[in-house]
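Enquirer: Count along the sequence shown starting at 1, add 226, and that's the number in our numbering. For each residue, glycine too, the CB sits at the ideal point set by N, CA and C. The structure presented is a predicted model; accordingly, all values stated were derived computationally and were not measured. Pasting in a structure now, in structure tokens, and then I'll have a few things to ask.
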Amino acid sequence: MSKEIKDLDLLIIGGGPAGLTAAIYGARAKLSLLLLENQMVGGQVRSSYTIENYPGFKTIEGGALADLMKEQAVELGAEIDEFDSVVSVNLKDEEKLIETKKYIYRTKTLIISTGATPKKIPVPNESKFSSKGIHYCAVCDGAMYEGSTMAVVGGGNSALEEALFLTKFASKVIMIRRYDYFKGEKATLEELEKNPKVEIMYNWDLVNVEGEKFVNKAIIRNTKTNEEKELELEAVFGYIGTEPKTDLFKEFINLDSSGYVITDDRMTTNIKGVYAAGDVRQKPFRQITTAVSDGTIAALAAEKYIEELSRK
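This is the structure in structure tokens:
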């Protein structure tokens, strides 16, 4: 049987802060809209244990913030469909078709807010020990290693925040940092430096992990002397950046060399009526606040575009 075709004013793909904000603004504008998310809405925010840099909340759990955003969007009239995956898209100035496992959507405007996924740790045994000692979400998997020694690889806010979270479970947390500095917030770094469970190893790089069925040691190399040594541990958590989820759109949308969507300051892509917002977009900073800003602008731009279409 052929799939049912549904017509919309606005379709949003991705339910992180950018997508949820766009849904809030689109619903307030009384657009017929749908937000598609192939998992639970919230994006990377949902896996953040504590958020302390979002205005209005001195501290809030990531899942709680995501739930509040979803609740607000739904109460305003936004329709949200979780766990329905997009299987193909056909994007043109004149027509935008998005096919999911259930339906085909024909929409006047589209906001791409699919976000990004963590980059894999570039060591030979990554695939062998994925989820068996190599992980990318401390909130999801940290409790599995209670009382153990764990390592965190990375130098940004995510690495610092997740290392701090892991101290709740670990007997020891080793920060493996290839440079002699961190790029994250100073306040979080200072908190880590004061924590007796944390050891920071500057100028060391992770070379590989080893074990039988599960990780039991890491091999690290000094970036200045090339000295190598082994660390006995049970888990390594990687936070070395992200990769955008843009494979579905690369045939139609202009991307930069790293795969991020190129937009102007109105979140507009190279196709009329198609916008991008949040971590999937090419930009210098990726924070919850910048994602919310992107979602706001994209929804307002989409609303204006629909108004212009109605006048033709």
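Taking its Cβ as the centre, do 16 or more other Cβ atoms sit within 10 Å of Q270, making it buried, or is it exposed?
Expert: Answer is buried; the Cβ neighbour count reaches 16.
Enquirer: For the candidate residues P422, D307, D406, whose alpha-carbon lies nearest to that of L390?
Expert: Cα-wise, what sits closest to L390 is P422.
Enquirer: Just how far apart, CA to CA, sit I532 and Y371?
Expert: Cα-Cα distance, rounded: 51 Å.
Enquirer: Is the region 375-391 touching the region 463-471, taking contact as three or more C-beta pairs under 8 Å?
Expert: Touching, yes, given that three or more Cβ pairs across the two stretches are closer than 8 Å.
Enquirer: Just the Cα atoms here: how many angstroms apart are S356 and V462?
Expert: Between S356 and V462, the C-alpha separation is close to 10 Å.
Enquirer: With DSSP collapsed to three states, give me the class of L246.
Expert: Of the three classes helix, strand and coil, the one that applies to L246 here is helix, per DSSP.
Enquirer: According to DSSP, is G288 part of a helix, a strand, or is it coil?
Expert: Note: G288 maps to helix in three-state DSSP.
Enquirer: Label Y407 either buried or exposed according to how many other C-beta atoms from any shown protein chain fall within 10 Å of its C-beta, with 16 as the threshold for buried.
Expert: Exposed.
Enquirer: Would F521 pass as a contact of A290 if the rule is Cβ separation under 7 Å?
Expert: One point to set straight first is that residue 521 is Gly, not Phe, in the sequence displayed. Going by C-beta atoms, G521 is not nearer than 7 Å to A290.
Enquirer: Would A249 be called buried (16 or more neighbouring beta carbons within 10 Å of its own) or exposed?
Expert: It counts as buried.
Enquirer: Taking 7 Å as the limit between beta carbons, can you name the residues of its chain near T393, skipping five residues before and five after?
Expert: So the list reads V399, N421, K423, V424, once near-sequence residues are dropped.
Enquirer: Just verifying my parser: in three-state terms, what is the DSSP assignment at M427?
Expert: Here M427 sits in strand by DSSP.
Enquirer: With L336 and G499 assumed to form a contact (beta carbons below 8 Å), what rounded beta-carbon distance in angstroms separates them?
Expert: So it is a contact: roughly 7 Å between Cβ atoms.
Enquirer: Here's the rule I'm using: 16 or more other beta-carbon atoms within 10 Å means buried, otherwise exposed. How should G252 be labelled?
Expert: By the neighbour-count rule (16 or more Cβ atoms within 10 Å), G252 is buried.
Enquirer: Around the C-beta of I514, are 16 or more other C-beta atoms found within 10 angstroms, so that it is buried, or is it exposed?
Expert: The residue in question, I514, is buried, as its Cβ has 16 or more Cβ neighbours within 10 Å.
Enquirer: I'd like to confirm the pairing. Which residues does DSSP put opposite L172 in its beta bridges?
Expert: There is no way to answer for residue 172, as the model of the chain reaches only from 227 to 538.
Enquirer: What did DSSP end up calling D307 once you bin it into helix, strand or coil?
Expert: Strand.
Enquirer: Along the chain, which unbroken stretches of the beta strand (DSSP E) at least 3 residues long are found entirely within the region 247-280?
Expert: Listed in chain order, they are 259-263.
Enquirer: Applying the 10 Å Cβ sphere with the 16-neighbour rule, what's the burial state of D367?
Expert: So D367 ends up on the buried side.
Enquirer: Could you give the C-beta distance for V506 and I338, rounded to a whole number, given that I count them as a contact under 8 Å?
Expert: About 6 Å separates the two Cβ atoms, so the contact holds.
Enquirer: Could you work out which residue in M266, N279, E325, N351 is closest to F309 when comparing CA atoms only?
Expert: The shortest C-alpha separation from F309 is found at M266.
Enquirer: I need the DSSP call for M493, collapsed to helix, strand or coil.
Expert: Three-state result, M493: coil.
Enquirer: Check whether the Cβ of N351 sits closer than 6 Å to any heavy atom of the ligand NAD, and report yes or no.
Expert: By its list of ligands, the structure shown contains no ligand whatsoever, and the ligand NAD lies outside what it can speak to.
Enquirer: Mapping DSSP to helix, strand and coil, what is T515?
Expert: Looking at T515 - three-state DSSP - the assignment turns out to be helix.
Enquirer: Whole-angstrom Cβ separation of M376 and L459, contact assumed at under 8 Å?
Expert: With a Cβ gap of about 6 Å, M376 and L459 count as contacting.
Enquirer: Taking Cβ to Cβ, would you say I445 is nearer than 7 Å to N434?
Expert: A contact, by the Cβ cut-off of 7 Å.
Enquirer: Please tell me whether L262 and I286 are closer than 7 Å, where the distance is taken between their beta carbons.
Expert: No, Cβ-Cβ distance for L262 and I286 is not below 7 Å.
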